[in-house]
Every structure is written in structure tokens, then in C-alpha cells.
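Undergrad: Under the numbering used here, the letters of the sequence shown match residues 770 to 1000, in that order.
Sharing a structure below in C-alpha cells format, with a few things to ask.
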Amino acid sequence: MNTQHNRPHKPEYETITLDELNEQINKRIDFIRTEFQNGFGVIKKYQKSVTVFGSARTLESESDYILARNLTKKIVEELPEYAVVTGGSFGIMEAANRGAHEGGGKSVGLNIQLPHEQTVNSYLSDSYDFYYFFTRKVCLAFSAEAYIYFPGGFGTLDELFEMLTLIQTKKIEKRPVILVGKDYWNNLDKFIKENLLQNEKIDEGDINLYTITDDVDEITDIIKKAPIKFS
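Have a look at this one:
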């Protein structure tokens, strides 16, 4: 007779005491505080900056990579006081750091530590490695006069909509949010206008929180006119 169902269930995790739980919580809080201190420590070195988001999967041969590289090169050449900040990885992030590096500018990466992966591109003049995604995201959101988004996946969309939400709810001051890659972003723009706006899920003014353009001169002009985060 099969008696396996009578065997006691082995827990998948070990139970801990309340004191042990409190100790773990305090250690976690201290670690998070350290990440914020170190991340903001990198950011405040640069009085002016732009942050570039986009897919880590974009290949060097793709038009988005080439455009990101050319754009950031132009930004640091025309605005040498500006640093270019990215997530420090490959694809669009590498392209943006590469353009800044080639233009002789400041190229910063706020990287995330991932197991068994080399995630830092080779065009950084300054960087910090985060353990937590959320601390990294807070620092990326804090770090710029303007935010530039190239086509990307769930991570890029998450970062975009969080930024739009922070501006919409006035958690941060309004700053330029620039979507580069019209063929990609026009579909999202259509969805926002035909679904969110028409169904009164957002206000009409919310569609002005972002600009869609592939014109590097227009983007550079927008950055020049953006308010400065530190004075």
C-alpha cells in the first residue's frame, strides 16, 4: 500500500524567529540606505545630465543604436557640461555611452548586478553597481534635466510610465520626456490617445508630458531649454 501521502510535508523554507526577522529587516534597510547614498553620490557629481533608456537587445548595426550613438555624441559636443547617464548595459545603453565617450564627454552607468552576466559596457567614465532594481530606478529618475527613451521592452516601458506618472502626479518637477523612434512610439501614442484619453483615464494635458521626435537638432534644443536640477 502506498503511504507516501502520510509522510510529513517538508517545508520549502526554514522558519525564523521574530528577532531573526527584525535583524534581517534592519540589515536590508542598511543595505538599501547604502545603495541610495552611493547612487546619489555618483549623480551629484554632475550638475547637468540627460538619462537615456532603451533596449539592451539592440544591435550595433541597427538604426536605433546608430541614432543613439550620434545623438549623445552631439549632446556632449554642444553641451560639454552635460553627462550622459544610462543603465550601463548593452544595446541602446551602450550606444548612448559610446557616443558620449567618443564626443569626449562624461559617460555614466548606473548598472544592475545580475548573476552569471557581464552587464557593464566598456564606454563608462563613471559607474555604480546596484543590487536592487528599485534603488537603481529611483536614482535614474532623479538624475537628469531630460529623459530620452529609445524603443525597448517591458523594462523600458516600465521606466517610461513611472516617469510619466511621477510628473503627472507632481512627485517630481516636469522635465522633458523625449521618445526617439517615431515608428515605434507612434503606436503607443495612438493607444494613449484613443484608449486612455478618449475613455477619460487621463487628462487632455497629459498627452503633452512627452515629445516624439527623431530630430537630433530638436532634441538638443529641448535639452538646452530644460530647467536645471541643481543650482
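Even glycine gets a Cβ: it sits at the ideal position worked out from N, Cα and C.
All values reported here derive from a predicted model rather than from experimental measurement.
Could you pull out every residue in the same chain whose Cβ sits closer than 6 Å to the Cβ of G868, ignoring the five residues on either side in sequence?
TA: R838, T841 and K842
Undergrad: For D788, which three-state DSSP category applies?
TA: helix
Undergrad: Can you tell me whether H870 is buried or exposed? The criterion is at least 16 other CB atoms within 10 Å of its CB, across all chains shown.
TA: Result: buried.
Undergrad: Report the residue from F809, R797 and G823 whose alpha carbon sits nearest the alpha carbon of G922.
TA: G823
Undergrad: So what's F919 in DSSP terms, helix, strand or just coil?
TA: Three-state DSSP puts F919 in coil, outside helix and strand.
Undergrad: DSSP on L879, reduced to helix/strand/coil?
TA: strand
Undergrad: Give me the residue from G808, I947, D898 and D975 with the minimum Cα distance to E987.
TA: Closest by alpha carbon: I947.
Undergrad: When the Cα atoms are used, what is the spatial distance from A865 to Y892?
TA: When the Cα atoms are used, A865 and Y892 turn out to be separated by approximately 9 Å.
Undergrad: Who are the near neighbours of D975 in its chain, counting only those whose CB is closer than 7 Å to its CB and skipping five residues on each side?
TA: Q937
Undergrad: Going by DSSP, name the residue or residues bridged to A864.
TA: Per the DSSP secondary-structure output, A864 pairs with nothing in a beta bridge.
Undergrad: Do the segment 850-859 and the segment 960-976 make contact, defined as three or more Cβ pairs closer than 8 Å?
TA: A contact is defined here as three or more CB-CB pairs under 8 Å, and the segment 850-859 fails this definition with respect to the segment 960-976.
Undergrad: Less than 8 Å between CB atoms is the rule here; does R802 satisfy it with respect to chain B?
TA: The structure shown contains no chain B, having only a single protein chain.
Undergrad: Return the Cβ separation of I812 and S912 in integer angstroms, given the expectation that the two are a contact with Cβ distance under 8 Å.
TA: 5 Å
Undergrad: For F800, count the other beta carbons within 10 Å of its own beta carbon; 16 or more makes it buried, fewer makes it exposed. Which is it?
TA: exposed
Undergrad: In terms of residue numbering, what span does the alpha helix (DSSP H) encompassing D958 cover?
TA: K951 to F960 is the extent of the alpha helix (DSSP H) around D958.
Undergrad: Kindly indicate the opening and closing residues of the beta strand (DSSP E) around F822.
TA: K817 to F822
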